[in-house]
Amino acid sequence: MSELWLVRHGQTPWNVEGRLTGWTDVPLTPLGEQQARALAGWLSAERFERVLASDLQRAVQTARLAYGEPQGVFAELRELHFGNLEGLRWADLPEAQQNALRAFEGFQAPGGEATAALRARVYGLFNQLPPGRHLIFTHGGVQRMVLREFDQDRFLPPCAVLGLDWARKRVLFVRGEGAGGS
Numbered sequence: 504m505s506e507l508w509l510v511r512h513g514q515t516p517w518n519v520e521g522r523l524t525g526w527t528d529v530p531l532t533p534l535g536e537q538q539a540r541a542l543a544g545w546l547s548a549e550r551f552e553r554v555l556a557s558d559l560q561r562a563v564q565t566a567r568l569a570y571g572e573p574q575g576v577f578a579e580l581r582e583l584h585f586g587n588l589e590g591l592r593w594a595d596l597p598e599a600q601q602n603a604l605r606a607f608e609g610f611q612a613p614g615g616e617a618t619a620a621l622r623a624r625v626y627g628l629f630n631q632l633p634p635g636r637h638l639i640f641t642h643g644g645v646q647r648m649v650l651r652e653f654d655q656d657r658f659l660p661p662c663a664v665l666g667l668d669w670a671r672k673r674v675l676f677v678r679g680e681g682a683g684g685s
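Encoded structure:
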């Protein structure tokens, strides 16, 4: 059995501002640090074969505060690359771009990454993991992509944890849904 626990990073300044962050390497806000620390008590009671994180500082910081130093840091776990849309506020995006991003499948920002490429790199890493439990600090777009695969299209808040039975392709739990901090 491969059990994956996907943790979205804590809040960042660009989350607060409603900006598309993608591969831009922004830190956590003080609230984001607090959100990550709030997971520590719960996660410390769990054991994992490996702890992995995206190579972007917001994911690595969340891992360190919530559980400890990740054993592996991978670019494959990054958010979708928004290309020319990076840093733009959601409210300032043309309606066609908003609709395409909401639809998700087939989306590719100008100069950015296609959702199919996101899926290939993330799933490529997931499928290489040995059986067991893995704690993975990643991004909201990665969580949303996985949930869509399991017929649950939703976007989880900062520091939400998505538990998956990866072999059987089913959601085991979602923790932190409805938490504040966009």
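If you're matching positions, the sequence shown starts at 504 in the working numbering and goes up one per residue. Every residue gets a Cβ at the ideal spot worked out from N, C-alpha and C, and that includes glycine. Here the structure is a predicted model, which means the values were calculated and not measured.
Is residue i buried or exposed, if buried means 16 or more other CB atoms sit within 10 Å of its CB?
i, result
"GLU549", "exposed"
"PHE640", "buried"
"ALA606", "exposed"
"PRO633", "exposed"
"GLY513", "buried"
"TRP508", "buried"
"VAL510", "buried"
"VAL664", "buried"
Got a sec, what are the start and stop residues for the alpha helix (DSSP H) residue i sits in?
i, result
"LEU559", "Run containing LEU559: none; DSSP gives neither H nor E here."
"LEU702", "Beyond the ends of the chain as shown, which are 504 and 685, falls residue 702; an answer cannot be given."
"PRO597", "Element bounds for PRO597: n/a, residue is neither H nor E."
Three-state secondary structure (DSSP) at residue i?
i, result
"THR641", "strand"
"ALA612", "coil"
"ARG647", "helix"
"VAL671", "Here residue 671 is Arg; the residue named in the question, Val, does not match the sequence. ARG671 falls in the coil class under three-state DSSP."
"PHE629", "helix"
"GLY666", "strand"
"GLY679", "coil"
"GLY571", "coil"
"ARG636", "strand"
Just curious, the beta strand (DSSP E) that residue i is in, first and last residue?
i, result
"ARG511", "505 to 511"
"GLY575", "575 to 577"
Check whether the Cβ atoms of residue i and residue j sit closer than 8 Å, and answer yes or no.
i, j, result
"GLY635", "SER505", "yes"
"CYS662", "GLY644", "no"
"ASP558", "ARG581", "yes"
Query - Contact between the region 536 to 544 and the region 563 to 574 (3+ Cβ pairs under 8 Å) - result: yes
Query - Sufficient close CB pairs (3 or more, under 8 Å) joining the region 545 to 561 to the region 607 to 618 - result: no
Report task. Check whether the region 585 to 594 touches the region 515 to 529, counting contact only when three or more Cβ pairs, one atom from each stretch, lie closer than 8 Å. Result -> yes
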